[in-house]
Every structure is written in structure tokens, then in C-alpha cells.
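Quick note: the sequence shown, position 17, residue -1 per this note's numbering, numbers continuous.
Here is the structure we will look at, set down as C-alpha cells.
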Amino acid sequence: SSRLAMELAYLGIVNGQAAKIRTIADELGTNGLKHGLTGDVTKKVFIGHSLISDVLHLRVEDEGLGFKPEELPPPPGEDEIDLRVHGRGITLAQGMMDSIQFEGRGNIVTVASNLRERILNAIQETSVETLFKHAKSDD
């Protein structure tokens, strides 16, 4: 986790974008501990990451029994409050990352995000917001 933070900082990925990535790593790791291992202290959760051609891959694997991702309840609608007990970490990952894959018996989750594309989009959105604010102040 600290290695991930250092690599993100080296790449210039800080503040909001880095926080989102750390949140996803924490959520998926917590899912592995809480739901995968179900309190079995003899088993482990492994979290790894790689950066290949501007695409960050986070992989979380636990030694638990796994689960069937297709059995997760659907995420709530935009106007609904999320009252689910389970599944919010996966929903966050789906919303914040570009892809999510489940492997093995459902005990391996890999998420990926094209960092360059996300950074460029964030810069563009910021630029548009700034232009909009300046245009409004000229009125």
C-alpha cells in the first residue's frame, strides 16, 4: 500500500485520483479479509499491483472459498440509498475503475484503470469548469 502510494506520487497521481485508487485497494482487501477468510487467521489475503503502459492493475487474492459475482445484488439506482450489507466495495470498484474481473473460484479480483486517460479527462473537466467560471464572472 505504501509502495503503491509512492509509485502513484512518482507518476504525478496525487490527491483525489490517488485517494480513489487507495480506497479501491482498501475496499477489495477488506472484502478478502472479511468475506473471503471469514475470520480464519490461518489464511491470507494478497494484494498486488502493476503499471503497464499507463494502465494500473490491482489484484486481490484471498485463500477463502470465493463467491459467485453474478449473485451480487444489483447496485442501487442513482436516487436510491445504498442499504446493502454486502457488495458496496465491488460497486465502488466498478464505478471508479475501467474494468473488473473475477477469477478462480471468485477469490481473485483484478481491477484496472488507464491512468493517463483518467488524468487527461480530469484536466479537461477542470479546464472546462474554469472556463465556465470565467465566462460567468464576465457577465
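Note that beta-carbon positions come from the ideal geometry of N, C-alpha and C, so glycine has one too.
Helix, strand or coil at residue i [DSSP, three-state]
i           : result
residue 52  : helix
residue -7  : coil
residue 81  : strand
residue 47  : coil
residue 73  : helix
residue 32  : strand
residue 113 : Low local confidence applies: a pLDDT of 48 at residue 113 is under 50, so the model's placement there is unreliable, with the coordinate-based value given in what follows. Three-state result, residue 113: helix.
residue 87  : coil
Inter-residue CB distance, residue i and residue j (contact presumed, cutoff 8 Å)
i          : j          : result
residue 10 : residue 0  : The pair is not a contact, with the Cβ atoms about 16 Å apart (cut-off 8 Å).
residue 51 : residue 77 : With a Cβ gap of about 15 Å, residue 51 and residue 77 do not count as contacting.
residue -5 : residue 97 : 6 Å
residue 7  : residue 40 : 6 Å
residue 94 : residue 38 : 7 Å
Residue i burial status per 10 Å Cβ neighbour count (16 or more: buried)
i           : result
residue 92  : buried
residue -3  : exposed
residue 42  : buried
residue 32  : exposed
residue 116 : Its pLDDT being 46, under 50, residue 116 is placed unreliably in this model, and the coordinates cannot settle the point.
residue 86  : exposed
residue 112 : Per-residue confidence for residue 112 stands at a pLDDT of 49, beneath the threshold of 50, marking its modelled position as unreliable; no derived number is given.
Would you say the segment 80 to 87 touches the segment 19 to 31, given that touching needs at least three Cβ pairs under 8 Å?
no
Segment contact flag, the segment 7 to 14 with the segment 29 to 49, C-beta cutoff 8 Å, min 3 pairs
yes
Report the residue ranges of all alpha helix (DSSP H) runs contained in full by the segment -3 to 21; include only those spanning at least 4 residues, in chain order.
-3 to 13
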